[in-house]
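A.B. asks:
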Amino acid sequence: MSKNVANICIMLILPLVFIIIWFYLAKSIDNTVILPSPAMVLQLLSHPSENLISMGSLTNNIFISLLRVLAGYILAVMLAIPLGILMGYYAKIFQLFNTFVGLFRPIPPLAWVPLVLAWFGISSFATLTGVERGILFIYLNNIKLSMVFIIFIGAFYPVLTSAIYGVKNVKKTLIDSARVLGASESDIFFKILIPAAKPSIVNGMRIGLGVAWMCLVSAEMLPGSLSGIGYLITHAYTIARTDVVIAGMISIGVVGALMDTLFRIFEEKKFKWQRLIR
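Numbering (our numbering), first residue to last: 403 to 680.
#1: Alpha helix (DSSP H) containing residue 465: first to last residue?
#2: Could you compute how far the alpha carbon of residue 616 sits from the alpha carbon of residue 428?
#3: What's the C-alpha gap between residue 438 and residue 462?
#4: Taking 8 Å as the threshold, find out whether the segment 600–614 comes into contact with the segment 463–479 through three or more Cβ pairs.
#5: Check whether the Cβ atoms of residue 618 and residue 662 sit closer than 9 Å, and answer yes or no.
#6: Am I right that residue 447 and residue 649 are in contact with their C-beta atoms under 8 Å? What's the rounded C-beta distance?
#7: Report buried or exposed for residue 498, applying the criterion of at least 16 other Cβ atoms within 10 angstroms of its Cβ.
#8: Going by the beta-carbon positions, is the gap between residue 512 and residue 528 smaller than 9 Å?
#9: Excluding five sequence neighbours on each side, which residues of the same chain lie with their C-beta closer than 6 Å to the C-beta of residue 495?
#10: Could you tell me the alpha carbon to alpha carbon distance between residue 570 and residue 486, rounded to whole angstroms?
#11: Would residue 560 be called buried (16 or more neighbouring beta carbons within 10 Å of its own) or exposed?
#12: Would you report the Cα separation of residue 470 and residue 632, rounded to the nearest angstrom?
#13: Near residue 644, what residues of its chain come up, given a Cβ to Cβ distance below 8 Å and the 5 sequence neighbours on each side ignored?
#14: Can you give the Cα-Cα distance for residue 449 and residue 658, rounded to whole angstroms?
#15: So what's residue 571 in DSSP terms, helix, strand or just coil?
#16: Can you pull the DSSP bridge partners for residue 453?
#17: Let me make sure I understand the geometry here. Which of 562, 642, 667 and 540 has the alpha-carbon closest to that of residue 475?
#18: Can you tell me which residues form a DSSP beta bridge with residue 564?
#19: On the DSSP letters alone, give me the boundaries of the alpha helix (DSSP H) that residue 510 sits inside.
#20: With respect to the alpha helix (DSSP H) encompassing residue 640, which residues constitute its N-terminal and C-terminal limits?
#21: When DSSP builds the beta bridges, which residues end up paired with residue 526?
#22: Measuring CB atoms only, is the segment 518–528 touching the segment 545–558, in the sense that at least three cross pairs come out at less than 8 Å?
#23: CB-CB under 8 Å to residue 425, same chain, minus the five flanking residues each way: which ones, in chain order?
#24: Pop quiz: residue 601 and residue 568 are said to be a contact at Cβ under 8 Å. What is the actual Cβ separation, rounded to whole angstroms?
#25: Residue 443 lies in the alpha helix (DSSP H); which residues open and close that run?
#26: To the nearest angstrom, report how far apart residue 656 and residue 464 are at their CA atoms.
#27: Is the CB-CB distance between residue 614 and residue 594 below 9 Å?
#28: Please report how far the alpha carbon of residue 410 lies from the alpha carbon of residue 416, in whole angstroms.
#29: Taking residue 664 and residue 457 to be in contact with their CB atoms under 8 Å, please state how far apart those CB atoms are, rounded to whole angstroms.
#30: Would you identify the three-state DSSP class for residue 602, choosing helix, strand or coil?
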């Protein structure tokens, strides 16, 4: 018990030092537009369901942002993992896709914005599904295809790279031993290859989710966005509400850290055997 308390205290040292420095800087500057006090930001964070600058609550905007991130992220995972496994296992598929996919890897997601706007405009999931009214329309209409594409690009490459790496690093002796014992290609693929590559794939999914969340603000700056935590930050800046900007930034950080923690807990529970073989 005392060890857990000590660990918590160590984790809190730097945040407390940061808040103290922030408090004294805000007091010395004495300009809430440049740097609001921690108390002002805490007031906003402690009432997340209250309406902010006629843009809805923090809670609602975070929920909309999560829907967008998950839409782009799930699409990236669904494409990147199968492609990465095939590229990692079959040399000819790797040769076929590697150069082509590698050409787009260095392009930052934000550079896609002009093309994405030309391709998708302000079309949304509501446009795709044909939903035209009701509460479902409100949420689907907020998930713009252009935003989903930007988030998709951000998440795709970390997941793909980790899947390729995980499959390529499966010990050949495992595969050869299975073949000697009469295992079919499907048995090798599903019972040896994928389970052995899972830790790397899950780690790539964790990194990809973090990148997708970071791409969120860029995605929500695109035309057609009228909600979301990124849009809230951008709009708050234009009306000099720095306290809302900082509250939004903290919200992004907290939600991102929570998602990363959930992935880390999953990794620790499912892949304990990794630590035993090191």
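Ideal Cβ placement from N, Cα and C applies to all residues, glycine included. Computed from a predicted model, the values in this text were never measured in an experiment.
C.D. replies: Reading from the atomic positions:
#1: Start and end: 460–491.
#2: If you take the alpha carbons of residue 616 and residue 428, they lie about 27 Å apart.
#3: Going from the Cα of residue 438 to the Cα of residue 462 covers about 23 Å.
#4: Yes, they touch.
#5: Going by C-beta atoms, residue 618 is not nearer than 9 Å to residue 662.
#6: The beta carbons of residue 447 and residue 649 sit about 6 Å from each other, so the pair counts as a contact at 8 Å.
#7: Sixteen is the threshold: since fewer than 16 other Cβ atoms of the shown chains lie within 10 Å of the Cβ of residue 498, the residue is exposed.
#8: Taking 9 Å as the Cβ cut-off, residue 512 and residue 528 do not qualify as a contacting pair.
#9: These residues qualify, in order along the chain: 488 and 489.
#10: In a straight line, the C-alpha of residue 570 is about 10 Å away from that of residue 486.
#11: Buried, since its Cβ has 16 or more Cβ neighbours within 10 Å.
#12: About 11 Å.
#13: Sequence-distant Cβ neighbours of residue 644 in its own chain, meaning closer than 8 Å and more than five residues away, are 434, 435, 436, 437, 438 and 638.
#14: Using only the alpha carbons, I get a separation of about 20 Å.
#15: In this structure, residue 571 counts as coil in the three-state DSSP scheme.
#16: Its beta-bridge partners are 459.
#17: Closest by C-alpha distance to residue 475, out of 562, 642, 667 and 540, is 562.
#18: In DSSP, residue 564 forms no bridge with anything.
#19: That residue, residue 510, is in no alpha helix (DSSP H); it is neither H nor E in DSSP.
#20: Counted as a single uninterrupted DSSP element, the alpha helix (DSSP H) harbouring residue 640 occupies residues 631–640.
#21: 546, per the DSSP bridge assignment.
#22: Judged by Cβ distances under 8 Å, the segment 518–528 makes contact with the segment 545–558, as three or more pairs qualify.
#23: Close CB contacts of residue 425 within its chain, under the 8 Å cut and outside five residues either way in sequence, are with 439 and 440 (chain order).
#24: About 7 Å separates the beta carbon of residue 601 from that of residue 568, a gap short enough to meet the 8 Å contact definition.
#25: Run containing residue 443: 440–447, per the alpha helix (DSSP H) assignment.
#26: The alpha-carbon atoms of residue 656 and residue 464 are separated by roughly 11 Å.
#27: Contact: no.
#28: Straight through space, the alpha carbons of residue 416 and residue 410 are spaced by roughly 11 Å.
#29: Rounded, the Cβ-Cβ distance is 28 Å, inconsistent with contact.
#30: DSSP places residue 602 in the helix class (H, G or I) of the three-state scheme.
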